[in-house]
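Q: Below are the structure tokens for one structure; questions will follow.
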Amino acid sequence: MGRFNIAVLPGDGIGPEVVGEAIAVINTVKKKFNHEFELKEGALGGCAIDAYGEPLPQATLELCKSCDAVLLGAVGGVKWDTLPGDKRPEAGLLGIRAGLGLYANLRPAVIYSALKDASPLRPDIVKDGIDIMVVRELTGGMYFGEKGRVDAGDMGQAAYDTEKYSTFEVERITRLAFEAAMKRNKKVTSVDKANVLESSRLWREVVLKVAKDYPEVELNHMYVDNAAMQLVRNPMQFDVIVTSNMFGDILSDEASMITGSIGMLPSASLGQGTLGLYEPIHGSAPDIAGQDKANPIATILSIAMMMKYSFGLEKESEVIEKAVENVLNAGYRTADIASSGSKVIGTKEMGRLIKEEIEKM
Ligand code: IPM
Ligand code: MG
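Numbered by the working numbering, the letters in the sequence shown go through residues 10 to 370 in order.
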């Protein structure tokens with residue numbers, strides 16, 4: 010029996026809906042395996058702006074620091090789109106990643122055999138399935154570099170964002186990627202733009218140095234434009250992809266879609282210790298919020314990652330993943346992954362079926 014405290018930040022848009030189903034899964038696992046999971050809710054994003062005037066209240070950060078893991082829904086919405094950059098809901102998300110020192114973002118893109126039809130790629134490209142782990146650097150690069158606006162004279166105004174990486178930052182994310190590869194198919198693809206960017210040239214140097222400590226792992230380097238193309242041309246060539254914050258943001262959306270839907274992809278953000286933040290990679294999808302349409306699977310699979318990475322509960326993690334697979338195999342689909350002949354259901358029903366599967370196992 011384990012005792013764990015979980016900070017829950019539902020956020021905005023479909024966030025509360027998908028988090029609601031994830032909480033139900035946590036409670037089902039709790040009962041089945043006799044653990045003590047204590048949930049403590051906090052405000053982050055637009056709802057925090059409305060209630061407290063800031064996207065990341067100090068109390069939320071303190072709450073997360075005092076817990077063993079954080080479950081996050083999604084943040085953002087049109088209502089807050091015109092606020093200045095540092096006051097937007099997204100600033101709260103970046104603030105919590107940095108504030109908790111979560112420099113590594115793991116985004117596994119796996120295609121379930123039941124969902125092969127939902128992939129926009131041809132069956133001969135998807136063939137034996139896709140299983141890619143995107144390791145995205147999460148607290149550096151352009152997201153956190155110096156930015157600003159200056160007067161550009163005759164040319165009007167100018168704005169800039171700086172891509173800056175230290176050897177320390179590149180080394181720690183690279184090591185984590187190689188460690189992940191050692192437990193998988195022992196292949197790392199480092200994605201950069203070293204033909205143009207100095208920050209990428211340093212990135213590549215550091216990756217090459219770290220690779221010497223992992224002689225069993227096959228390493229290749231790929232420019233980001235080529236990587237974007239290779240992901241749809243032959244996704245099976247990838248095992249672990251390690252890349253910067255910006256490139257990882259873009260490529261993980263692409264990787265998610267080739268598996269059928271962005272509504273399927275979970276993520277884990279990790280740092281030095283076991284404290285991690287778990288969230289679906291999709292956003293707050295305001296257009297479908299409150300309509301029982303959102304796919305809760307990405308958030309539920311994020312709970313599976315939480316069990317494994319923050320709590321060391323491998324069995325519980327596998328049970329959740331298996332339950333999702335069983336429900337998909339039985340033909341149930343939310344609208345985003347539906348194809349002809351599938352049983353289309355809503356958020357709540359999907360959550361309920363997964364819960365039932367967990368109970369049965
Ligand atoms: C993601 C999201 C965020 C990011 C946004 C909401 C700030 O797109 O987690 O991928 O860019 O990191
Ligand atoms: Mg993104």
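Even for Gly, the Cβ is constructed at its ideal location relative to N, Cα and C.
All values derive from a computational prediction rather than experimental measurement.
Just jot down, in chain order, the residues whose CB lies closer than 5 Å to any heavy atom of the ligand IPM.
A: E99 and D258
Q: If we ignore side chains and look at the alpha-carbon of each, how far apart do E45 and I35 end up?
A: If you take the alpha carbons of E45 and I35, they lie about 10 Å apart.
Q: Quick one: what does DSSP say F153 is sitting in, helix, strand or coil?
A: coil
Q: Could you name the residues that DSSP lists as bridge partners for I15?
A: L48 and A78
Q: Between E433 and K39, what straight-line distance do the alpha-carbon atoms span, to the nearest angstrom?
A: Outside the displayed range of the chain (10 to 370) lies residue 433, so it cannot be described from this structure.
Q: Using C-beta distances below 7 Å, list every residue in its chain close to Q166, excluding the 5 sequence neighbours before and after it, in chain order.
A: Scanning its chain for C-beta atoms nearer than 7 Å, with the 5 sequence neighbours on each side dropped, one finds around Q166 the residues R158 and D160, in chain order.
Q: With a threshold of 8 Å between beta-carbons, can K369 be considered close to chain B, or not?
A: Absent here is chain B; the protein component of the structure consists of one chain.
Q: Per DSSP, which residues does S278 bridge with? Please list them.
A: DSSP lists N114 and L286 as partners of S278.
Q: Would you kindly work out how many angstroms separate the C-alpha atoms of T343 and L337, rounded to a whole number?
A: The straight-line gap from Cα to Cα measures roughly 10 Å.
Q: Where are the beta strand (DSSP E) runs, 3 residues long or more, that stay fully inside the segment 152–212, in chain order?
A: 156–160, 166–170 and 196–201
Q: Just the Cα atoms here: how many angstroms apart are I312 and G108?
A: 21 Å
Q: If you follow the beta strand (DSSP E) that Y232 is in, where does it begin and where does it stop?
A: Per DSSP, the continuous beta strand (DSSP E) segment holding Y232 begins and ends at E227 to Y232.
Q: Per DSSP, which one or two residues make a beta bridge with G20?
A: Answer is A83, bridged to G20.
Q: Just to confirm the assignment, what range does the alpha helix (DSSP H) spanning E63 have?
A: Where E63 is concerned, there is no enclosing alpha helix (DSSP H), given that its DSSP letter is neither H nor E.
Q: Taking the alpha-carbon positions, what's the S261 to A60 distance?
A: 32 Å
Q: Mind checking which residues open and close the alpha helix (DSSP H) that includes I259?
A: N254 to I267
Q: Under 8 Å between the Cβ atoms of V27 and T308?
A: yes
Q: Is the segment 109–126 touching the segment 49–69 in the sense that three or more CB pairs, one from each, lie closer than 8 Å?
A: no
Q: So the candidates are Y223, S348 and S278; which of them puts its Cα closest to the Cα of M142?
A: Taking only the C-alpha atoms, the option nearest M142 is S278.
Q: If we call anything under 8 Å between Cβ atoms a contact, is S253 one with W212?
A: yes
Q: Determine which residues share a DSSP beta bridge with K352 and list them.
A: Beta bridge pairing from DSSP links K352 with Y341.
Q: Which whole-angstrom value describes the C-beta separation of V249 and A189, a residue pair presumed to lie in contact below a C-beta threshold of 8 Å?
A: 5 Å
Q: With 16 other CB atoms within 10 Å as the buried threshold, where does F247 fall?
A: F247 should be labelled buried.
Q: Under a Cβ-count criterion, where at least 16 other Cβ atoms within 10 Å of its own Cβ denotes burial, should D201 be classed as buried or exposed?
A: buried
Q: Closer than 7 Å by C-beta to M370: which residues in its own chain qualify, once you throw out the five before and the five after it? Chain order, please.
A: V328, K331 and A332
Q: How about G94 and L72: are their beta carbons less than 8 Å apart?
A: no
Q: For E323, which residues from the same chain have a beta carbon less than 8 Å from its beta carbon, with the 5 sequence-adjacent residues on both sides left out?
A: M316 and K317
Q: Would you call the segment 264–279 and the segment 292–308 in contact, with 3 or more CB pairs under 8 Å?
A: yes
Q: Short of 8 Å in beta carbon distance, which residues of its chain neighbour N43, apart from the five on each side in sequence? Order them along the chain.
A: M10
Q: For the segment 13–28 and the segment 84–104, state whether three or more C-beta atom pairs, one from each stretch, are separated by less than 8 Å.
A: yes
Q: Any contact between the segment 220–238 and the segment 124–134? By contact I mean 3 or more CB pairs, one from each, below 8 Å.
A: Segments in contact, no.
Q: What number of angstroms, rounded off, separates the C-alpha of G299 from the C-alpha of E180?
A: 42 Å
Q: With DSSP as the reference, identify every bridge partner of V144, one or two as the case may be.
A: L115 and V251
Q: On the CB-based measure, 16 or more other CB atoms within 10 Å of its CB, does L65 come out buried or exposed?
A: buried
Q: Where does Q239 sit, in a helix, a strand or coil, going by DSSP?
A: Three-state result, Q239: helix.
Q: When the Cβ atoms of the segment 67–84 are set against those of the segment 284–301, are three or more pairs found closer than 8 Å?
A: Segments in contact, yes.
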